[in-house]
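For reference, the structure discussed in these notes is given below.
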Amino acid sequence: MAAPVSLQVEFGGGAEFLFDGVKKHQVTLPCQPEPWDIRNLLQWIKQNLLKERPELFMQGESVRPGILVLINEADWELMGELDYKLQDQDTVLFISTLHGG
Amino acid sequence: MKCRKGSAVLIIRVGDPFCRNCFREYFMHKFRAMLGKNRIIFPGEKVLLAVSGGPASSAMLRQVQEGLSRETAKKLRFIPSVIYVDEGAVRGQSPAQREQSLACMETLLQATGFPYYLVHLEQALELPASILRPGPATPSEPGVSYKEAVEGFIQQQRQKGYGDKDSGTSLPGAGSGESPEGAPAAPRLPAAALTQELLKLFEAVQTMTAKEELLQMLRTHLILQTARTKGYTKVMTGETCTRVAIKLLTNLALGRGAFLAVDTGFKDNRHGDVMVVRPLREYMAKEIAFYNHFFDVPTVIAPPLPTKRRDKPSFRHVVESFLLGLQKDFPSTISTVYRTGEKLSADRAKPSCEAERCLLCLCALDLDGEEELALEPTLIIDEPELERNGCCQDPLAAWAERKSAYIPLLCYGCRLTFKELVRLLVWSGVFSLGTGVPIPTALLLQGPVTTLPPYVRAEAQRRIHR
Ligand SMILES: [Zn+2]
Ligand SMILES: [Zn+2]
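Chains as they are written, first to last, in full-length UniProt numbering: chain Y, 1 to 101; chain S, 1 to 466.
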């Protein structure tokens, strides 16, 4: 059983408009049998933070193309993308490069 | 990784990650190289930076700041000012939200130390008809080579007796005119009646595609007007490679294939006296986003154009999703589309005479008889109705204000947009036929074109009566 994980989840570049305009969210993920990875985190965001129109943020199990992900200030493409295992106190930032909603 | 020192934070090309420092060098070098390679911005030239508060134009603003503060050899030598167009009215912002965005923007601009202009989209309603005519080409350019100009400029600087170090920041004309430097009063919004008039224009437009085209047109003309009246010969805009690739495919779909080079190229010379340049067109949106994040470039993101549930997304939106989706699986998609654009020539867009210039986009009229026939039925379907009711008006005036009189003034792509811009009254006309409710004659006669901005109507009148 993995312990709860505390994260800073941030949105920028207009992605915050999908989350009531709030850029920074302090998040605590509950205990679950598997360790938390970005794939699980996205599902959790979809169920807990995303207010409407999930298709503007997600596509399949990943983010919509055009939304960038940074894990602790680095490109998630260098960190294993969806498979990155989240650590306590990580910061995950989503930046939209899409024009408008 | 190149330096073998810093830790990798970003990947742009497969197998070639950057550390922060190397990325910053690469990013800044690219900007200088783009301007150096094209050699069209002259030393001492007044350049207007079109800044929207969005990521790309904000990064552009930062590059100009960095470029001006660099050591002599690598220094940019033009004289920048900034223009910001407040589009809050059509982006669904309340007056309070608009005031707030404007205040944020103003703080951001003041921090650059550059002179700046804050313009409201409403002011497009007061543009002169001449904005749709090209100005005379700037006299200084032909004959003088770029090299001569640079040498002349450096000599001039020496004679004036100030060193290179501070010349870039001592900006002549700063704070003059309506540039509100030194008067940091709260930015005032336009009169509510003007905002209503602008909103009416946009509400009449039926598709998101045409709405975006209308916004783009008004914005471009406002920036051009400021450049002309304040003596700027270049305007810099912040289109990225990603944006250029999207625009290329969108414009193809909009019937603007002949003008792709002017609409998306490094330089756009259609206005004659003011050249639009796009120095960011080799940056991917990802590079911009990372640069802004790593180096704390402030942005003020405007909300999107409001959509109703039944609205279809715009072409641009569909193309954006399509291209970015492809890019995910085939990482060279966007640069391939971008490079295709590089091979296009701007010649097809150049009109041979004034009469062959499109009223709205100023490109050459690109139609021969065949295409015209194919388009005509959809455009003039309601015309007989107008004719029957038009007897009590001055016949010439009525004719000139009618939609069909506009058609010969427009290129193929703009005809398609125009059709959307003036559609509203066609629909209500059909409605009245069904229900038998009469529509006042005057409304039918003037209706379609009153949904066009006044300066467009004025210039059309001038052309029709010529
Ligand atoms: Zn490095
Ligand atoms: Zn046109």
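Ideal Cβ positions, reconstructed from N, Cα and C, are used throughout, including at glycine.
Any non-hydrogen atom of ligand 2 within 7 Å of residue i CB
i         : result
Cys358(S) : yes
Gly413(S) : yes
Cys361(S) : yes
Leu452(S) : no
Leu252(S) : no
Leu224(S) : no
Leu218(S) : no
Leu132(S) : no
Leu410(S) : yes
Extent of the continuous beta strand (DSSP E) to which residue i belongs
i              : result
Gly113(S)      : Where Gly113(S) is concerned, there is no enclosing beta strand (DSSP E), given that its DSSP letter is neither H nor E.
residue 499(S) : Since the first residue of chain S shown is 1 and the last is 466, residue 499(S) is not available in this structure.
Arg13(S)       : 10-13
Ser96(Y)       : 90-96
Asp37(Y)       : Where Asp37(Y) is concerned, there is no enclosing beta strand (DSSP E), given that its DSSP letter is neither H nor E.
Phe11(Y)       : 5-12
Met236(S)      : 234-236
Asp296(S)      : Counting along the chain, Asp296(S) falls outside any beta strand (DSSP E), and DSSP gives it neither H nor E.
Thr28(Y)       : 24-29
Leu68(Y)       : 67-71
is_contact[residue i, chain S] using C-beta, thresh 8 Å
i         : result
Ile71(Y)  : no
Asp75(Y)  : yes
Gly101(Y) : Confidence in Gly101(Y) is poor, its pLDDT being 39 and thus under 50, which makes the residue's placement too unreliable to answer from.
Pro95(Y)  : Sequence inspection shows Ile at residue 95(Y); the Pro mentioned does not correspond to that position. Interface residue, yes.
Thr91(Y)  : no
Gln87(Y)  : no
Gly80(Y)  : no
Pro33(Y)  : no
Leu68(Y)  : yes
Leu98(Y)  : yes
Pro30(Y)  : no
Pro65(Y)  : yes
Residue i Cβ short of 7 Å to ligand 1 heavy atom set
i         : result
Cys22(S)  : yes
Lys5(S)   : yes
Cys241(S) : no
Cys19(S)  : yes
Pair within 8 Å by beta-carbon distance, residue i and residue j
i              : j         : result
Val9(S)        : Ala74(Y)  : yes
Val274(S)      : Leu224(S) : yes
Gly12(Y)       : Leu93(Y)  : yes
residue 113(Y) : Leu49(Y)  : Look at the range of chain Y in this structure, 1 to 101, and you will see that residue 113(Y) is not part of it.
Phe114(S)      : Ser81(S)  : yes
Leu421(S)      : Leu359(S) : no
Val90(S)       : Leu215(S) : yes
Phe294(S)      : Asn38(S)  : no
Asn292(S)      : Pro55(S)  : yes
Leu326(S)      : Leu260(S) : no
Met60(S)       : Leu280(S) : yes
Lys286(S)      : Ile12(S)  : yes
Below-8 Å beta-carbon distance, residue i vs any chain Y residue
i         : result
Pro438(S) : With a pLDDT of 44 at Pro438(S), under the threshold of 50, the predicted position of this residue should be treated as unreliable, and no value is reported.
Lys5(S)   : no
Asp16(S)  : no
Pro55(S)  : yes
Leu324(S) : yes
Ala245(S) : no
Gln327(S) : yes
Glu71(S)  : no
Glu87(S)  : no
Val319(S) : no
Ala8(S)   : yes
Ile11(S)  : yes
Residue i - containing alpha helix (DSSP H), residue span
i         : result
Val319(S) : 315-329
Tyr84(S)  : Counting along the chain, Tyr84(S) falls outside any alpha helix (DSSP H), though it belongs to the beta strand (DSSP E) covering 79-86.
Gln196(S) : 192-203
Pro454(S) : 454-464
Lys46(S)  : Note, Lys46(S): premise wrong, no alpha helix (DSSP H); beta strand (DSSP E) at 46-50.
Going along the segment 271-293 of chain S in order, which residues come within less than 9 Å of chain Y, judged by CB to CB distance?
-> Met284, Ala285, Lys286, Ile288, Ala289, Phe290, Asn292, His293
Anything in the segment 11-27 of chain Y with a Cβ closer than 9 Å to a Cβ of chain S? List those residues in chain order, please.
-> Gly12, Gly13, Gly14, Glu16, Phe17
Between the segment 110-130 of chain S and chain Y, which residues of the former have a C-beta closer than 7 Å to a C-beta of the latter?
-> none
Of the residues that make up the segment 324-355 of chain S, which ones have a beta carbon closer than 7 Å to any beta carbon in chain Y?
-> Leu324, Gly325, Gln327, Lys328
Please list the residues of the segment 302-313 of chain S that have a C-beta atom closer than 7 Å to any C-beta atom in chain Y, keeping them in chain order.
-> Pro303, Pro304, Leu305
Could you please tell me which residues of the segment 251-262 of chain S, in chain order, have their CB closer than 7 Å to any CB of chain Y?
-> none
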